[in-house]
Ligand code: GDP
Ligand code: MG
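Numbering (UniProt numbering), first residue to last: 73 to 676.
Structure follows, in C-alpha cells:
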C-alpha cells in the first residue's frame, strides 16, 4: 500500500461528545461493519465499557476508503475521554498524524476538550474540529464554533458540522481526513522500525501487540528484536484490525496493525518500545514518558488461598493496562497483597471491576492515597533510605514530624468550565478544597473557564461529584500534574475498640484534621454493621483522640423469627448469614465489610 494513501488519526473529545458513535458511522460508511441499528459503540468491547458507557481502552480499526478513484487506508484509533485515561490518549496520538476533535453542539467546549486539544497541539498534529449532535433541539453550532475560534485559535470555517447519530455530513469527515491530515513520513525501503503503542494479553496466544510501522516492513517469520530488553522473537502472526483481526503476510511502513511473536512474559511488550529486525538494528524511537501513578491503594485477596491466582490476574491485567504500577505489600489484617498505583480513582475502580469480571477475582482494596514526599532531617533515616527526599505511597509508613524537615504534597492544575451563574458556588467549593485561583476567562457570553491550583489529595475522591451537583451537571473538570508544594501534613490513626487499624491510617492537612477525623468516624459508623458488642470508632493524632462515634451492640438472631418448624427456611437464613460473613474481614474482634476501606472515603 503506497504510504501517500495512508492516514493515521484518532478521535478525541470530552466524554459523551460522540467519539464512539462517530467511529461506528465511519466503520459503516467504509463497509468495515454492516449498517444496522444495532451498531452502538462497537469498539467498546470490554464489559466494563458497556456497563459504564465509557471507553477505557483505545481501539484500532483500519478502514478502506475510496475517494476520487483512489483507495486510502485510514487507521482509526478510538480513545477514552475521561481524565484518568489521558495516558491512553497520548499513546494513541503518538501513532497518528492527525485528530478529529469533537465538540458537542449543545454542551460546547468542556474541560477535557481543552486537555485533549493540547495533547494533539503539542504533538504538532493536524486538528480537524467537528461540531457534533447538530440534530439536537438546543444545538448551537454557531456558538460552539465561536468558542473553538476563541479558545483554540482555529478559524470557524474549519469546523465540520455533523450528527454522528444520524450520519449527517459524516461523508465530509472522511474527505477531510484525506485532504487535511498528512500521510505518515515512513519509507518502505528503510530498515524495519515499529512502535509498540498498545498490547493486550490473550490467554491462548500470549501477547498481542499493537504496532505502528515507522519504517520498512515486517513479514511473518522475520526475527525481530525489542530495543528495551534486547530479546529476539519470531513473528508468528501479523495483521490489521478492521476492527476484528485480519491476518496479513506483512505490515508496511505507515501501517498500523497487530503482531503476535511468542512473547509470553508480562514485561516483554513494553508500551513505547521499538521493534526492529535482528539483523538490522536501528536507533530506538523516543518512547513515552512513563505514566505517573497519582493514586495508590493496597489490594489483597479476600481469601489468602487465592493469592496466587490473584497474582497472575493482576499480572495479566497490568499487561493490558501498563499504566498501573505494582509493588508487593502485606498487612496484619489482610495478609499478603500489593500496593498498586493508578492514574486516578476511576482508573482504580475500573481496574477492580475488570479483575472481578474478566478474571473472576475477589479483592479487598484499601483507602486510596496520593504520593506524598518528605525531606528527612534524621541522619540515621537518610542513611537507611539512601536519600534525603522520600516518596510515601503507604500512609502507614508516613514518617513522624520529628525526623522530617518538610513534607510535600502533589499539586495539579485544574480546569473548570461552567455556565457563569455557578461561579460563586464553585469558587467557595474550590476554597474549601484548599485551591488557589490562577486564571479566569469567558469562552462565550455565558460560560467561563477557570484555572485553579489544587492539592491532588483534595480532588481525587469527590471533588468532581460536588462540582457536578453544585452546577446542576453543567460544570466539567480536568487536571494535569503541577509538581509538589510544601504542606503541613499529619498522620491520623483510626482505632476500632482502642486498636489502631493500619489499613485506615490517613494523611491529612493540619487545618482539616478535626473535620476529616469526624467525617471518617461517621462514615465508618455507617459502613460497619452492628455486632454483638459495642464498638468505639475513634480518630487520633498521636495519642490525642480527636473524634469518636459509637456503634451500638445488636444481637442479630436470624433464627428467632422462625419458631422451630420450618427447616428449609432455617437453612436458607443460615446460608445467607454465612455468605454475609465472607464479605467481612476480622480486625481485632470487629468484623469489617471488605468494601469499607474504600467506602469510608465516599461522602453521602
Ligand atoms: P463518547 O463518550 O465520546 O465515545 O460518546 P458516545 O459515542 O458513547 O456518545 C455518547 C452519547 O451521545 C450516546 O448516547 C450517543 O447515542 C449520543 N450521540 C452521539 N452522537 C450523537 C448525535 O449526533 N446526536 C445525538 N442526538 N446524540 C448523539
Ligand atoms: Mg466512547
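All C-beta atoms, glycine included, are put in the ideal place defined by N, C-alpha and C.
Computed from a predicted model, the values in this text were never measured in an experiment.
Asked, Found
"Beta strand (DSSP E) segment containing residue 176, residue limits", "170-176"
"Sequence-distant residues of the same chain with beta carbon closer than 6 Å to residue 217, five excluded per side", "228 and 231"
"Reduced DSSP secondary structure (H/G/I, E/B, other) of residue 290", "strand"
"Supposed contact pair residue 286 and residue 266 - C-beta distance, whole angstroms, cut 8 Å", "6 Å"
"Rounded C-alpha distance that separates residue 676 from residue 540", "Bear in mind that a pLDDT of 44 at residue 676, under 50, signals an unreliable position, so the model cannot answer this."
"Residue 85 CB to nearest heavy atom of ligand 1 below 7 Å", "yes"
"Counted within 10 angstroms of its Cβ, other Cβ atoms place residue 467 as buried (16 or more) or exposed", "buried"
"Enclosing beta strand (DSSP E) for residue 595 [first to last residue]", "Run containing residue 595: none in the beta strand (DSSP E); it sits in the alpha helix (DSSP H), 585-599."
"Exposed unless 16 or more other CB atoms sit within 10 angstroms - verdict on residue 130", "Confidence is the limiting factor: at residue 130 the pLDDT is only 49, short of 50, which leaves the residue's position unreliable, though a coordinate-based value still follows. So residue 130 counts as buried."
"Pairwise C-alpha distance: residue 215 and residue 144", "34 Å"
"Whether residue 436 touches residue 379 by CB criterion (8 Å)", "no"
"Whole-angstrom distance between residue 622 and residue 403, CA atom to CA atom", "25 Å"
"Heavy atom of ligand 1 within 7 Å of residue 589 beta-carbon", "no"
"Supposed contact pair residue 328 and residue 281 - C-beta distance, whole angstroms, cut 8 Å", "Going by Cβ atoms, the distance from residue 281 to residue 328 rounds to 11 Å, so no, they are not a contact pair."
"Proximity winner among 416, 551, 536 and 658, relative to residue 723 (alpha-carbon distances)", "No information on residue 723 is available, as it lies outside the stretch 73 to 676 that the chain covers here."
"Beta-carbon spacing of residue 505, residue 481 below 8 Å", "no"
"beta-carbon residue 570 near ligand 1 non-hydrogen atom, thresh 7 Å", "no"
"Where residue 74 falls: helix, strand or coil (DSSP)", "coil"
"Three-way DSSP call (helix, strand, coil) for residue 190 in this model", "helix"
"Straight-line gap, residue 163 to residue 395 (C-alpha atoms, nearest Å)", "11 Å"
"Buried versus exposed call for residue 513 [16 or more other C-beta atoms within 10 Å across all chains shown]", "exposed"
"The stretch 577-592 / the stretch 538-555 touching (three or more Cβ pairs under 8 Å)", "no"
"First through last residue of the alpha helix (DSSP H) which encompasses residue 541", "535-542"
"At least 3 beta-carbon pairs within less than 8 Å: the stretch 447-464 vs the stretch 409-421", "no"
"As assigned by DSSP and simplified to three states, the class of residue 626", "coil"
"Best match in 304, 202, 324 and 278 for proximity to residue 189 [C-alpha to C-alpha]", "202"
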